[in-house]
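Asker:
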Amino acid sequence: MAIQYTKWRLRPGADRARLGDLALDWCRYSRSIGGCRNARYYWADANSVAILQEFDTPAQAFPPPDGPGTKLAFQLSDVADRTVHEIWSDARAGTEAYQRSRA
32 MAIQYTKWRL
42 RPGADRARLG
52 DLALDWCRYS
62 RSIGGCRNAR
72 YYWADANSVA
82 ILQEFDTPAQ
92 AFPPPDGPGT
102 KLAFQLSDVA
112 DRTVHEIWSD
122 ARAGTEAYQR
132 SRA
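Put into structure tokens, the structure is as follows:
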């Protein structure tokens with residue numbers, strides 16, 4: 032399993048409610064693509080949201096671009112700056128990747 036963690040900071044003058052709506056739309060979109068087990072967003076503070084997406088594998092966090100996903104990514108970027116982007120692998124996947132690198 033892998034978790035993609037992103038954090039988005041509201042741009043000056045942008046609509047806070049719009050950021051929340053877009054984060055929810057991003058989670059719904061994520062759940063509609065293959066390999067995504069779950070996607071949720073959280074308000075980290077009054078001006079930031081964190082989005083956590085769970086995937087079967089780390090590679091599934093980067094599906095081929097499609098129209099709806101690309102449009103949503105640009106809409107989100109219009110109102111917020113992505114300040115954090117991390118992919119977390121579970122212990123087994125991380126250990127297996129390390130062992131493959133040493134073979």
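Just remember that this note's numbering sits 31 ahead of the position in the sequence shown, which is counted from 1.
Glycine is no exception: its CB is placed at the ideal position from the N, C-alpha and C atoms.
(1) Round the Cβ separation of Phe93 and Ala33 to the nearest angstrom and send it over; I've been treating them as touching at under 8 Å.
(2) Along the beta strand (DSSP E) that carries Asp56, what are the first and last residues, could you check?
(3) Which residue comes first and which comes last in the alpha helix (DSSP H) that contains Asp109?
(4) Comparing C-alpha positions only, which one of Pro99, Thr88, Pro96 sits nearest to Glu127?
(5) In or out: Ile108 buried (at least 16 other Cβ within 10 Å) or exposed?
Answerer: On the basis of the data shown:
(1) Not a contact, Cβ separation roughly 11 Å.
(2) That residue, Asp56, is in no beta strand (DSSP E); its alpha helix (DSSP H) goes 47-63.
(3) Residue range 98-110 is occupied by the alpha helix (DSSP H) that includes Asp109.
(4) Per the C-alpha coordinates, the member of Pro99, Thr88, Pro96 positioned closest to Glu127 is Thr88.
(5) It should be pointed out that residue 108 corresponds to Ser in this sequence rather than to Ile. Counting C-beta atoms within 10 angstroms of its own C-beta, Ser108 has fewer than 16 neighbours from the protein chains shown and is therefore classed as exposed.
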